[in-house]
Amino acid sequence: MFEIRITETSEIFSCTSGQTVLEGMVRLGRRGIPVGCRGGACGVCKVEVVSGCFDRKVMSRSHVSEHDESEGRVLACRISPVSDLELRVVGGMRKSVLGQCSAKGC
Amino acid sequence: MAMTGVLRPGHAQLRVLDLEEGVHHYRDVLGMVETGRDAQGRVYFKCWDERDHSSLILRQADSAGIDFFAFKVLDEVTLTGLEKKLNDYGVKTERIPAGELLETGERVRFQIPTGHQIELYATKTAVGNGLQVQNPAPWTKASENGIAPVRLDHCLLYGPKVAAVQKLFTEVLGFYLVERVLGPDGEGNAAIWLSCSHKVHDIAFVEHAEPGKLHHLSFLLESWEEVLRAGDIMSMNNVPIDIGPTRHGITRGCTIYAWDPSGNRFETFMGGYQPYPDYEATTWTFEGLGAGGGLDYPQRKLHETFLTVVS
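Okay, here's the thing in structure tokens:
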């Protein structure tokens, strides 16, 4: 069992190495990281791992470039902790264009 | 009524991050029938009751999403005619050779203003549903494997310039508008549902800044019980569910949205109604999408993922 700490909110939740970080958070009914497709495609759960080690599954290159990965920016739905982790939330529910749509645009 | 021109959604090619995880999902959980694999490594599927060789093709790639969505048209003469209409309208088309997709004839491919690749084709091998006998049974064992939808029904695509796409589909391809959601200021259409048939929609679009995005591929079930059973099967297989089981006010479909292992959303639904081209389109206000029950009629809620989670 490892501890996952979210920098912005100082929230902490436990997660086993058998779950992804996002799964661990959702199963405990906790919040802090936005929950999207949970499969690596949509990018809303993007986090920057500030410290700690993790295993990773394949994630969509449209949201995580190789540069991102090398700097610890990954999708929380695709990583499992191998140690305690501290992370910052980078992704989020982007404002939909409809909320900013003008008469001309739509 | 006569069905001519564009008949129905034909096939979709989907990008998955892990091919065998994707195959397990679409073959064993969704319950499609695997019909082939090609030299490029793509895997082909059809729904149990579909007649043609394939309606879904999976390609492993480093990003998820949709490569192209195709419609079957009546015959090769119709295909050539629509190609000319597109060209006259100013849309560049290319012909993909027969056989590039297994068991499929030439495809006319073009890009639409929302950034998606659309294809039209006339020929695909009819492999049947296993009931091409005299005095057939009403179903086969394949109809009980996994969720087992009867067909690929439609897709919902996200991208910019939906107004231009509506014009293209209605003025050139012969579709008609069945339902629409107005923009937030009451102007223009933020979302449209278009039909080339007696169905509530064969394709739909939502206005969205990023081009070329997939909201969902949709698969038809035949009863509310089957939709509830689909929800059970998803949960048994740890398939993450987005919304449902519930009913959309828009189209009246009773539905579950969920995601495949690569984060591509799919829908299993039943119901709708049977519009004709002479019907007045149904209008929803932007607020009606949420509070009016457009997306989720029982919950009266605009689930945040609807406008923000796409592949």
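Residue numbers (my numbering), protein chains in the order written: chain A, 1 to 106; chain B, 1001 to 1311.
A virtual CB, placed ideally from N, CA and C, is assigned to each residue, including glycine.
{"Item": "Residue-chain proximity (glycine 1065 of chain B, chain A), Cβ-Cβ < 8 Å", "Value": "yes"}
{"Item": "Per DSSP, cross-strand counterpart(s) of serine 80 of chain A", "Value": "A:Asp55"}
{"Item": "Any chain A beta carbon closer than 8 Å to threonine 1268 of chain B", "Value": "no"}
{"Item": "Bridge-paired residues (DSSP) for phenylalanine 13 of chain A", "Value": "A:Ile4"}
{"Item": "First through last residue of the alpha helix (DSSP H) which encompasses valine 1077 of chain B", "Value": "1076-1089"}
{"Item": "Where valine 1029 of chain B sits in the DSSP three-state scheme", "Value": "helix"}
{"Item": "Buried versus exposed call for proline 1097 of chain B [16 or more other C-beta atoms within 10 Å across all chains shown]", "Value": "exposed"}
{"Item": "Inter-stretch contact at 8 Å, needing at least 3 Cβ pairs: the segment 1149-1162 of chain B / the segment 1212-1223 of chain B", "Value": "yes"}
{"Item": "Interfacial residues, the segment 29-53 of chain A to chain B, with Cβ spacing under 7 Å", "Value": "Gly36, Cys37, Arg38, Gly39, Gly40, Ala41, Cys42 and Val44"}
{"Item": "Within chain B, partners of valine 58 of chain A - CB distance below 7 Å", "Value": "Leu1017 and Asp1018"}
{"Item": "Threonine 1004 of chain B in three-state terms, based on DSSP", "Value": "coil"}
{"Item": "Proximity below 8 Å, CB of leucine 1152 of chain B to CB of alanine 1012 of chain B", "Value": "yes"}
{"Item": "Cut-off 6 Å between Cβ atoms - residues of its own chain near glutamine 100 of chain A, not counting five sequence neighbours on either side", "Value": "The predicted position of glutamine 100 of chain A is uncertain, since its pLDDT is 37 and thus under 50; a value taken from the coordinates is nonetheless stated next. Taken in chain order, the list of residues that qualify is empty."}
{"Item": "Chain-ordered chain A contacts of asparagine 1264 of chain B [CB-CB under 9 Å]", "Value": "Cys37, Gly39 and Ala41"}
{"Item": "contact_flag[the segment 1088-1106 of chain B, the segment 1026-1044 of chain B] where n(CB pairs < 8 Å) is 3 or more", "Value": "yes"}
{"Item": "Start and end residues, beta strand (DSSP E) containing isoleucine 1057 of chain B", "Value": "1056-1060"}
{"Item": "Residues of its chain near glycine 1128 of chain B, where Cβ-Cβ distance is below 7 Å and the 5 sequence neighbours each way are ignored", "Value": "Arg1051"}
{"Item": "Threonine 1305 of chain B, enclosing beta strand (DSSP E) - first and last residue", "Value": "No beta strand (DSSP E) holds threonine 1305 of chain B; the alpha helix (DSSP H) holding it covers 1305-1308."}
{"Item": "For glutamine 1134 of chain B, the first and last residue of its enclosing alpha helix (DSSP H)", "Value": "Glutamine 1134 of chain B -> no alpha helix (DSSP H), and no H or E assigned at all."}
{"Item": "7 Å Cβ shell around serine 83 of chain A - same chain, five flanking residues per side excluded", "Value": "Phe2, Gly52 and Cys53"}
{"Item": "Any 3 or more C-beta pairs closer than 8 Å across the segment 1265-1278 of chain B and the segment 59-68 of chain A", "Value": "no"}
{"Item": "Interface positions of the segment 1218-1232 of chain B facing chain A (Cβ-Cβ less than 7 Å), listed along the chain", "Value": "none"}
{"Item": "Reduced DSSP secondary structure (H/G/I, E/B, other) of phenylalanine 1175 of chain B", "Value": "coil"}
{"Item": "Partner residues on chain A for valine 1309 of chain B, Cβ-Cβ distance less than 7 Å", "Value": "Gly36, Cys37, Cys42 and Val44"}
{"Item": "Cβ contact check for the segment 1109-1126 of chain B and the segment 1184-1195 of chain B: 3 or more pairs under 8 Å", "Value": "no"}
{"Item": "Interface residues of chain B facing arginine 61 of chain A [CB-CB closer than 8 Å]", "Value": "Asp1062 and Ser1063"}
{"Item": "Sequence-distant residues of the same chain with beta carbon closer than 6 Å to glutamate 11 of chain A, five excluded per side", "Value": "Gly32"}
{"Item": "Alpha-carbon spacing of leucine 87 of chain A relative to serine 80 of chain A, whole angstroms", "Value": "13 Å"}
{"Item": "Cross-strand partners of alanine 1122 of chain B (DSSP beta bridge)", "Value": "According to DSSP, alanine 1122 of chain B bridges with nothing at all."}
{"Item": "Neighbour-count burial assignment, glutamine 1132 of chain B, 16 or more Cβ in a 10 Å radius", "Value": "exposed"}
{"Item": "Segments of 4+ residues assigned as alpha helix (DSSP H) that fall wholly inside the segment 13-49 of chain A", "Value": "21-27"}
{"Item": "Within-8 Å CB hit, threonine 1305 of chain B to chain A", "Value": "yes"}
{"Item": "Counterpart residues of asparagine 1189 of chain B in DSSP-defined beta bridges", "Value": "B:Leu1182"}
{"Item": "Candidates A:Gly39, A:Asp55, A:Leu85 and A:Val50: closest to histidine 63 of chain A by CA position", "Value": "A:Gly39"}
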